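In mature numbering (1 follows the signal peptide of the UniProt record, and there is no 0), the protein residues as written are -15 to -1, 1 to 492.
Where a beta carbon is used, it is the ideal one built from N, C-alpha and C, also for glycine.
All values derive from a computational prediction rather than experimental measurement.
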């Protein structure tokens, strides 16, 4: 009875989720294999492109075992339909575990559940955004909407699947004093794990037995957040695929009931946003600001030049994290999208992002270009040199929007001093603001086609970083120090902004 129900359930999921040209090629055959288990084979006319086997264990009242010769066809059936119809309740009772088997060998490997699920998700209908390529509405295709986890383990990090209990232990039951920050996805907690095994530790002592204890950042979704699962899945999708020095490292994940958690490397110096705008923060030197900008540019350039282009879509100072040496790493891939394919210039989705950073063409039309990220980078670069938030209602009315206020000043060399952060005290090469203001203007071009690529941006920033101080610059600095009270901390209200000016938007 249970087996019949299981077969019926799978058939229904197939009918709902798989493309119509695949459904006719499927047929079921039932073979007895054990008194307590039944084996179900799914045969497809197009099975020749998949040679691995997946065992999917469904924890049901009689613990049925379903063997599927094609993980790309069925690995996500019991999950994807519910995910994409926003009905997670229907999969709560199922625990899925996958093993790939070589039919000629007893050797086993175990890709994670997430890896198998993500590899197969393109067979299902989209879950959030209506995907449009170019100007023609079309259903998602494998090349434009496939979750890009690779089955080549040499290119994928070994992500650990944490239990909720393990992360409770690592964060001391998500205690309030371990909170590192909070965003649209939820809260981020500091935790401690063994460096080698990632086993949780309730102690922050560096040494526990033979293992080294390291801090980690645990992002816990807000159960009331509408985008919780979607953003969690996007994070695993992209950070689970890529390894790069300028992308924050994802160590593992957890999904239990409606709890979605992610575990990252701990970035000791927090976000660029906190260093630029937090009251009492030590002023970043010119050299450090350029180092951060170059690191962030390198991360974006990597995404844009990947085999499958990735559009970051939410580049902002809050998403640039810094390690102990101020190396910049991009975080929060919840809104990331695969770029256009087949010669198309853009993809079109619902508009989402953060006010002030989103490119104007994207806000107006929903057309998302790779160079939409370049606009956001230009905004952050303007924040870096000015020390001002992109939107700040505490400023005078004409200065509340940083881009609108600064754009007329950027081409005027004599007026650049008005833009430069006064906390720098003029401690930068006099030629540098001219070069960087020109780069910012290029990034903020209204026409995305006229913006530089991130590779070009990176090259320009590296050249600017090589500009040396001249003797007249040193004299000017000494004059500033003599005439102004030295300070290395911010106490100016115009650098602070109410929280609501930094909210994400979507429509």
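- In the three-state scheme derived from DSSP, where H, G and I count as helix and E and B as strand, residue 439 is classed as helix.
- When Cβ pairs closer than 8 Å are counted between the two stretches, the region 307 to 320 is seen to touch the region 255 to 263, the count reaching three or more.
- Contact between residue 178 and residue 161 does not hold, since the beta-carbon distance rounds to 20 Å and is not under 8 Å.
- Secondary structure at residue 399: helix, using DSSP grouped into helix, strand and coil.
- Note on the region 384 to 434: whole alpha helix (DSSP H) runs with a minimum of 4 residues are 387 to 391, 401 to 404, 417 to 428, in chain order.
- Between the region 365 to 378 and the region 321 to 336 there are fewer than three C-beta pairs closer than 8 Å, too few to call the two in contact.
- Straight-line measurement puts the Cα of residue 231 at about 28 Å from the Cα of residue 151.
- Taking 8 Å as the cut-off, the Cβ atoms of residue 201 and residue 248 count as close.
- The DSSP-derived three-state label of residue 351 is coil.
- Looking at 365, 171, 197, the one whose alpha-carbon comes closest to that of residue 214 is 171.
- Contact check between the region 423 to 436 and the region 351 to 370: three or more CB pairs, one atom from each, fall below 8 Å, which counts as touching.
- Below 8 Å, too few C-beta pairs join the region 279 to 289 and the region 381 to 395 to call them touching: fewer than three.
- For residue 269, the secondary structure class from DSSP, reduced to helix, strand or coil, is coil.
- Burial check for residue 432: the Cβ neighbour count within 10 Å stays below 16, so the residue is exposed.
- Between residue 166 and residue 251, the alpha-carbon positions lie close to 12 Å from each other.
- CA-to-CA, the gap between residue 298 and residue 406 works out to about 27 Å.
- When only Cα atoms are considered, residue 380 and residue 390 end up about 11 Å apart.
- Within its own chain, the residues whose Cβ lies closer than 7 Å to the Cβ of residue 311, once the five positions on either side in sequence are excluded, are 254, 273, 276, 277, listed in chain order.
- Counting the other Cβ atoms within 10 Å of the Cβ of residue 349 gives fewer than 16, which makes it exposed.
- Using a 10 angstroms sphere on the CB of residue 242, the tally of other CB atoms stays under 16, which defines it as exposed.
- The beta carbons of residue 293 and residue 315 sit no closer together than 8 Å.
- Remark: C-beta atoms of residue 418 and residue 370 approach each other more closely than 8 Å.
- At the C-beta level, residue 342 and residue 378 stay beyond 8 Å of one another.
- The beta carbons of residue 335 and residue 351 sit closer together than 8 Å.
- In this structure, the straight-line span from the alpha carbon of residue 144 to that of residue 412 is close to 44 Å.
- Rounded to the nearest whole angstrom, the C-alpha separation of residue 260 and residue 268 is 7 Å.
- Listed in chain order, the non-local C-beta contacts of residue 424 below 6 Å within the same chain comprise 445, local neighbours out to five positions each way being set aside.
- Nearest to residue 447 by alpha-carbon distance, out of 421, 226, 428, 430, is 421.
- The residue among 163, 176, 164 with its C-alpha nearest the C-alpha of residue 147 is 176.
- CA-CA distance, residue 313 to residue 385, rounds to 27 Å.
- Where residue 149 is concerned, the enclosing alpha helix (DSSP H) starts and stops at 149 to 155.
- Under the three-state reduction of DSSP, residue 250 is assigned to strand.
- Ranking 404, 382, 236, 428 by CA distance to the CA of residue 180 puts 236 first.
- Boundaries around residue 220 are those of the alpha helix (DSSP H), 213 to 224, since no beta strand (DSSP E) includes it.
- In this structure, the CA atom of residue 321 is about 42 Å from the CA atom of residue 455.
- In terms of CA proximity to residue 318, 222 leads the group 163, 222, 159.
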